[in-house]
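First the structure, in the form of structure tokens, and then the observations on it.
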Amino acid sequence: MWEKLRTTLAPEVLIIGGGVNGIGLLRDLALNNVSATLIDSGDFCSGASSASSRMAHGGLRYLEGREFDLVRESARERNMLLHDAAHLVKPLEVVVPVRHWIKGLPRTALRFFGLSDKSGPLSFVALKSGLLAYERFGAIRRALPHHNVAIRRSQFPAGLPRPVRSVISYYDGQIVGPEALMFEMLSSAVQQENVAAINHISWRYSAPGKVEITNTQCNDSVVLTPKIIVNAAGSAIDKVNQQLGLETHYVRGVKGAHLVLRHPALQQRMAGRSFYFDDGHGRMVVSLPVEEVILIGTTEVETEDPGDRQVSSSEVDYLLNALNSLFDDIRIQPEHIVAVTSGIRPLQASEGSATQAARDHALQQNRAGETPVLSLVGGKWTTFRAFAELAANTVLQQLKHPRQMTTLGLSYPGAGELNLTELADSCGLPLARVRQLYTRYGTLAKEVADFCGLQTDRPLTQAESYSQREIIWLTQRRMALSLEDMILRRTNIVMTGQLTETTLADIARVMAQTLGYDESWAETQTTNCAADPRIIWNGR
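Numbers 93 to 632, taken from the numbering used here, label the letters of the sequence shown in order.
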């Protein structure tokens, strides 16, 4: 990819930031034949985009703050993901235990009418009314069933506390592979001759209109002179603008942590459903199954450091205490934690409570000298396509490029069906292995399976659902340059809840051979990842 940038590309657009907003924009521009380069000083998908609750949702709770346009857009985009990326976005039942029939309703009404910024306890009346509106907003390309209400205890999930008066279940979407979805978009974008994406680089604004990019792997540099710069750096937007000579205060950084738990009894009780419940203080948390583990979140901690990824003991205690209030007969202890996630939401700058801050997106425009700079501020995972389209329309207008294609209703590369029996026969892999690959990659499983079947392959040590050849394919095709890249963003191995240092070392050796590094590189990478609480939690 570096050679492609070095020798053939003079991009009209430079995108700084490889999160879902930046990648979504690169995809849109590539489809419209705009020459573009995306760069990231770290890895693609390594910020808030990979630390979400893994849900495609319409934002039910945003109704209370009267963010109707956001809910309408979110519900529409959620439905499109369910239709157009059905291999990676699945329907998810969300169970809400409700302890009050009307208590908290007056405070909810005050917040709805803009007379208060505080939420009250969740009430049956407020939730039922909200869901009627929520499902109305989701009528476009409807993809989900209507909600259900249970008011008899015999109909409740087992173990709910006695104060629970009713249970309401509704449906949203779960993104089972958010990073995989981003890499599908990225891979399809860079197939275009005039599009490139480079991770793990350094850059500087070297002169008016000029950005010098240095490949930290080979210490080679190239100077780009884009007609437009797009700042999609998430929580680092203001820092990036400062490097471009701009003084902005667009972003409010709010760090959110999730715990990754391995707890068979809780997994069985949840039965593939998500539980969305009050933490006992009027704030809602969510717990949902992800492969063999359970994800619970999230916290909200204000931070001014875009690189802050620490998960404090108070955040851990808060989430464990909240989850321990869900069922009377199931206890979750610190030893059930196998990993954590942490990311900084780049909310629009605002005053007041972070919990009540707007989640909508905004496109801000400045100039670095004569070069337009567009900053993609805020937004949420579910609405990335709409935000990218908004930004792409602005770019196309400024470049005087007519729009040739739209991403609206466009299927993602892995969407569709495969004859798995035929694929197993053609590539020589067992049918069970082909099914694994199809679950992970959709129709792209054919490419992975063919690659794995070309030479002798073997399962990874203590992670038999992955193989050596699959790691090689991910390293080469999805541009992994470190063991962290592979573990956190190219695979879901953490989500087995059984990741060991032995597995890390095995993957590191495969990557070292693929990338041309020696054994010491593999050993250093293994040591670093084993000490990272996002990968293996040891009570840090």
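Glycine is no exception: its CB is placed at the ideal position from the N, C-alpha and C atoms.
Nothing here was measured: the structure is a model prediction, and the numbers come from that model.
Residue i, buried or exposed, once every other Cβ within 10 Å from all chains shown has been counted against 16
i	result
V332	buried
N511	exposed
W78	Lying outside 93 to 632, the shown extent of the chain, residue 78 is not represented and no answer is given.
E95	exposed
A492	The sequence given here places Lys at residue 492; Ala does not occur at that position. Classification for K492: exposed.
N413	exposed
P356	exposed
T99	exposed
F229	buried
R532	buried
E276	buried
C-alpha distance - residue i paired with residue j, whole-angstrom precision
i	j	result
P237	P189	19 Å
Q283	I386	36 Å
H179	P505	10 Å
E392	V377	11 Å
L224	L152	10 Å
R423	H192	24 Å
T594	G534	29 Å
M274	S142	10 Å
Q425	I321	48 Å
D409	C519	49 Å
A516	P522	6 Å
Y262	E165	18 Å
G508	Q457	39 Å
Opposing strand residues paired with residue i [DSSP bridges]
i	result
Y609	BP columns for Y609 are empty, so no partner.
N240	S261
M376	D370
H350	G389, T433
N458	V465
G470	H453
D579	It is Ile, not Asp, that sits at residue 579 in the sequence shown. BP columns for I579 are empty, so no partner.
G345	P438
S294	T306
N323	I108, S467
H192	S215
Q266	M147, K182
Pick from the options that is closest to residue i, judged by C-alpha positions
i	options	result
P270	G139, E339, G337	G139
L591	L566, Y609, A555	A555
A122	Q496, G589, V181, R582	Q496
G364	I267, H373, E185	E185
V105	A250, V163, Q490, N307	Q490
E187	L552, P249, V346	The sequence as given places Val at residue 187; Glu does not occur at that position. Cα-wise, what sits closest to V187 is P249.
A299	L336, Q266, G326	L336
P438	F369, E394, W193	E394
G435	H350, W613, A484	H350
A484	I115, M93, E615, L546	I115
V487	L515, N125, C544	N125
D624	I131, L575, T588, N584	L575
Nonlocal neighbours in the same chain, by C-beta distance under 7 Å from residue i, ignoring five residues either side
i	result
V602	Q560, I563, I564
N113	A324, L468, G471, F476, F479, A480
I232	R168, N171
G251	R361, F419, D420, D421, I422
T308	H292, I293, S294
D635	There is no way to answer for residue 635, as the model of the chain reaches only from 93 to 632.
Nonlocal neighbours in the same chain, by C-beta distance under 6 Å from residue i, ignoring five residues either side
i	result
L529	A537, V540, A541
S503	D176
V287	A122, A128, A281
N620	none
V430	V352, R354, G589, W629
Cutoff 8 Å; reference residue i; Cβ partners in own chain excluding five residues on either side
i	result
W473	V112, S141, S144, M147, A148, I267, P270
R234	N171
L97	T129, A288, I290, I305, V314
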